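The opening position of the sequence shown corresponds to residue 0 in numbering that gives the first Met the number 0, with each subsequent residue numbered one higher.
Idealized CB from N, CA, C, for every residue including glycine.
From a predicted model like this one, the values you see are computed outputs, not experimental measurements.
To start, the structure itself, in structure tokens.
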Amino acid sequence: MNKAPTQNMIAYRWALTAMGYPVPISQARRGERYSCPLCHGPMIPRLGDQLQHHFAHEEDTGCTTEAVTRAAVRRWITIQLRDAIASRQVAKARWTCSKCGQQHSADLLEGVAVIHEGYYWDPTHYADVGLVDRAGNVCGVIVVQDELLPTPETLHFFLNQDTFTIVIPASVEPAGSDFATLVAQGQIAGAPCPNLQKQANIIRDPEAIRQALRDVVARWPAYFYGPLETVEGLANVLRIGNHALWLPPDQWREVIGGTRNPLAPGVQVTMQEWKHDDGGAIWLYYVTVRDTCAVGVRRFGPGQAQMQMPTIDHRFRQHKTTALDVVKSLVMQ
Ligand SMILES: [Zn+2]
Ligand SMILES: [Zn+2]
Numbered sequence: 000m001n002k003a004p005t006q007n008m009i010a011y012r013w014a015l016t017a018m019g020y021p022v023p024i025s026q027a028r029r030g031e032r033y034s035c036p037l038c039h040g041p042m043i044p045r046l047g048d049q050l051q052h053h054f055a056h057e058e059d060t061g062c063t064t065e066a067v068t069r070a071a072v073r074r075w076i077t078i079q080l081r082d083a084i085a086s087r088q089v090a091k092a093r094w095t096c097s098k099c100g101q102q103h104s105a106d107l108l109e110g111v112a113v114i115h116e117g118y119y120w121d122p123t124h125y126a127d128v129g130l131v132d133r134a135g136n137v138c139g140v141i142v143v144q145d146e147l148l149p150t151p152e153t154l155h156f157f158l159n160q161d162t163f164t165i166v167i168p169a170s171v172e173p174a175g176s177d178f179a180t181l182v183a184q185g186q187i188a189g190a191p192c193p194n195l196q197k198q199a200n201i202i203r204d205p206e207a208i209r210q211a212l213r214d215v216v217a218r219w220p221a222y223f224y225g226p227l228e229t230v231e232g233l234a235n236v237l238r239i240g241n242h243a244l245w246l247p248p249d250q251w252r253e254v255i256g257g258t259r260n261p262l263a264p265g266v267q268v269t270m271q272e273w274k275h276d277d278g279g280a281i282w283l284y285y286v287t288v289r290d291t292c293a294v295g296v297r298r299f300g301p302g303q304a305q306m307q308m309p310t311i312d313h314r315f316r317q318h319k320t321t322a323l324d325v326v327k328s329l330v331m332q
């Protein structure tokens with residue numbers, strides 16, 4: 000009878016040295032003492048010729064390879080970052096902004112004073128490493144990515160914060176000791192937008208956006224339309240009176256939603272309906288015509304109208320038609 004494989008048959012890629020420094024198996028030495036970053040039990044480097052080199056627990060444990068790798072990589076990143084802060088390194092990065100579409104650059108370590116190994120943003124959102132300034136504000140988070148983590152929801156949450164989100168693959172290979180080398184093995188998935196931060200008056204909160212769109216049609220004439228403009232370098236701004244709403248396509252999809260209808264080449268209308276308890280409804284349109292964008296809102300009283308597909312007649316196939324022309328005709332249909 001074959002013996003059932005035991006836990007200590009599991010091949011691990013990382014372990015801690017006696018000094019608590021994480022090393023991958025490629026840097027392990029025969030005869031040295033190693034331990035598991037999770038259970039702290041002793042580990043042995045298997046450096047034979049038969050199998051791929053790996054660490055093994057001396058005794059059975061419940062540690063999974065994924066969890067051990069994440070714990071070791073997290074520790075390794077933390078140590079490197081603390082060194083970087085202590086030696087006042089600068090980590091210049093350039094990225095294309097997912098929020099305004101422009102190129103920005105910044106020092107990723109600017110203002111960073113404390114590195115947290117394991118950081119709970121709130122009880123449900125965990126980052127492997129948190130970069131925090133003297134006042135306790137989060138400057139950035141680092142998440143180690145394997146097949147299981149972070150969940151899409153967690154990643155999405157961090158990307159929506161005004162902070163750097165750096166994704167480092169769990170397969171990362173230690174090289175060098177500067178932060179730039181580390182980031183080069185991952186990617187800047189999210190970053191604060193200086194254009195957005197400059198404009199404190201801009202409304203970005205989902206509920207505040209919905210409220211502003213409800214309010215604008217609460218009074219006569221019960222419809223509104225306007226173009227999305229670029230205001231001080233920030234694109235996709237809708238002005239409603241003294242308010243300015245930030246509404247790039249992703250934000251609209253998330254905050255308002257609706258069905259997307261490609262009506263003609265280069266012409267797209269996303270429509271959403273908010274039903275009222277009284278039988279009335281508010282219709283919302285997000286229109287893209289080539290490189291122009293516009294938003295329209297219209298309120299209908301009880302029994303006034305049914306949602307229907309907008310009709311785009313021949314006028315809108317002309318080249319000089321803008322999104323504003325289309326949205327105007329939609330709200331006034
Ligand atoms: Zn362990
Ligand atoms: Zn930006």
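In the structure shown, D132 falls within a strand segment according to DSSP collapsed to helix, strand and coil.
Pairing L262 with V254 gives a Cβ-Cβ distance that is not under 8 Å.
Between F223 and I239, the beta carbon gap of about 7 Å places them in contact (Cβ cut-off 8 Å).
Among the bridge pairs identified by DSSP, D121 is matched with H124. Using a cutoff of 7 Å, the CB of K98 counts as near ligand 2, since one of the ligand's heavy atoms is closer than that. Closest in alpha carbon position to R93, among A134, Q144, Q102 and A211, is Q102. Remark: C-beta atoms of T77 and E31 do not approach each other more closely than 8 Å.
Under the three-state reduction of DSSP, H155 is assigned to helix.
When the Cα atoms are used, Q49 and P205 turn out to be separated by approximately 58 Å.
In the three-state reduction of the DSSP assignment, K319 falls in the coil class, being assigned neither a helical nor a strand state.
A Cβ-Cβ separation of about 6 Å places A243 in contact with N200 under the 8 Å criterion.
Straight-line measurement puts the Cα of G40 at about 17 Å from the Cα of P23. For ligand 2, no non-hydrogen atom lies closer than 7 Å to the CB of N235.
Distance from the CA atom of G135 to the CA atom of V111, rounded to whole angstroms, is 10 Å.
Taking the Cα of G100 as reference, the smallest distance to any Cα among A126, L237, A190 and G265 is reached at A190. For N194, the enclosing alpha helix (DSSP H) covers residues P193 to K197.
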